[in-house]
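Engineer: In the working numbering, the protein residues as written are 717 to 918. The structure's right below; bear with me while I get my questions together.
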């Protein structure tokens with residue numbers, strides 16, 4: 717109430733809190749580091765860096781349920797095919813830690829479908845060498861494994877809806893190049909023919 721001077725920072729608040737969390741981690745103050753990361757997320761809901769650092773802390777502390785809950789939230793805010801693939805990689809990592817080969821394989825297959833990566837391809841191949849029956853898993857079986865593990869398929873529908881609303885506004889406003897970039901991103905996540913048709917029309 718007028719007793720303190722407000723000073724604008726040079727960096728975004730989420731960046732400051734994320735750096736602060738690194739300092740706290742070096743002092744092994746894990747709970748305080750998590751609080752700092754929560755503040756970073758408060759200032760920037762879409763901060764992947766802060767959310768991924770939380771995952772690292774939860775894994776180091778063997779808090780697997782919290783790890784999975786936080787990973788689901790990270791997946792919910794992912795809005796590119798590469799980010800979605802990264803989430804599936806993390807699911808694969810944790811299911812491998814839990815020694816669930818079938819779920820691990822399913823997650824890496826989903827990851828590769830969204831973003832082709834040599835490292836993930838090698839992980840898939842190594843799992844198939846361990847258990848050749850994994851090659852027989854159909855897409856339906858993979859989706860069922862994801863469902864059983866409460867793993868979302870693809871992007872959050874709310875993000876897709878918001879993105880398409882923005883694309884419409886861009887097209888209506890004559891910002892065709894910007895709209896095409898967003899349509900490419902949409903198609904990389906959804907593979908919907910309708911999106912490809914709109915892109916080709918533009």
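Ideal Cβ placement from N, Cα and C applies to all residues, glycine included. A quick note: this is a predicted structure, and the numbers were derived from the prediction, not measured.
Among 762, 902 and 778, which one has its Cα closest to the Cα of residue 746?
Structural biologist: That would be 778, whose Cα lies nearest to the Cα of residue 746.
Engineer: Starting from the Cα of residue 901, find the closest Cα among 841, 885, 868 and 798 and give me that residue.
Structural biologist: Out of 841, 885, 868 and 798, 798 has the C-alpha closest to the C-alpha of residue 901.
Engineer: If you run the structure through DSSP and keep just helix, strand and coil, what is residue 727?
Structural biologist: Here residue 727 sits in coil by DSSP.
Engineer: Roughly how many whole angstroms lie between the Cα atoms of residue 812 and residue 787?
Structural biologist: When rounded, the distance between both Cα atoms is 15 Å.
Engineer: Helix, strand or coil, according to DSSP, for residue 823 in the structure here?
Structural biologist: Three-state result, residue 823: helix.
Engineer: Is residue 769 closer than 8 Å to residue 753 when the C-beta atoms are compared?
Structural biologist: The answer is yes: Cβ separation under 8 Å.
Engineer: May I have a chain-ordered list of the beta strand (DSSP E) segments no shorter than 3 residues that lie completely inside the stretch 804–874?
Structural biologist: Qualifying beta strand (DSSP E) stretches: none in this window.
Engineer: What's the call for residue 842, buried or exposed, on a 16-neighbour Cβ count within 10 Å?
Structural biologist: Classification of residue 842: exposed, given that the 10 Å Cβ count is below 16.
Engineer: Quick check: the stretch 822–839 against the stretch 800–814, are there 3 or more CB pairs under 8 Å?
Structural biologist: The stretch 822–839 is in contact with the stretch 800–814.
Engineer: According to DSSP, simplified to helix, strand and coil, what is residue 722?
Structural biologist: Coil, per DSSP.
Engineer: Comparing alpha-carbon positions, which option in 860, 727, 840 and 809 lies nearest residue 760?
Structural biologist: Here the closest residue by C-alpha is 727.
Engineer: If we count the other Cβ atoms within 10 Å of its Cβ and call it buried at 16 or more, is residue 914 buried or exposed?
Structural biologist: Buried, since its Cβ has 16 or more Cβ neighbours within 10 Å.
Engineer: How many angstroms separate the CA atom of residue 876 from the CA atom of residue 795?
Structural biologist: Straight-line Cα distance between these residues: approximately 8 Å.
Engineer: Rounded to whole angstroms, what's the CA-CA distance from residue 890 to residue 884? Just pull it up for me.
Structural biologist: In a straight line, the C-alpha of residue 890 is about 10 Å away from that of residue 884.
Engineer: Taking residue 760 as part of the alpha helix (DSSP H), name the residues at either end of that continuous run.
Structural biologist: Premise fails: residue 760 is in no alpha helix (DSSP H) and is neither H nor E.
Engineer: Given a threshold of 16 other Cβ atoms within 10 Å of its Cβ, counted over all protein chains shown, does residue 893 qualify as buried or as exposed?
Structural biologist: That one is exposed.
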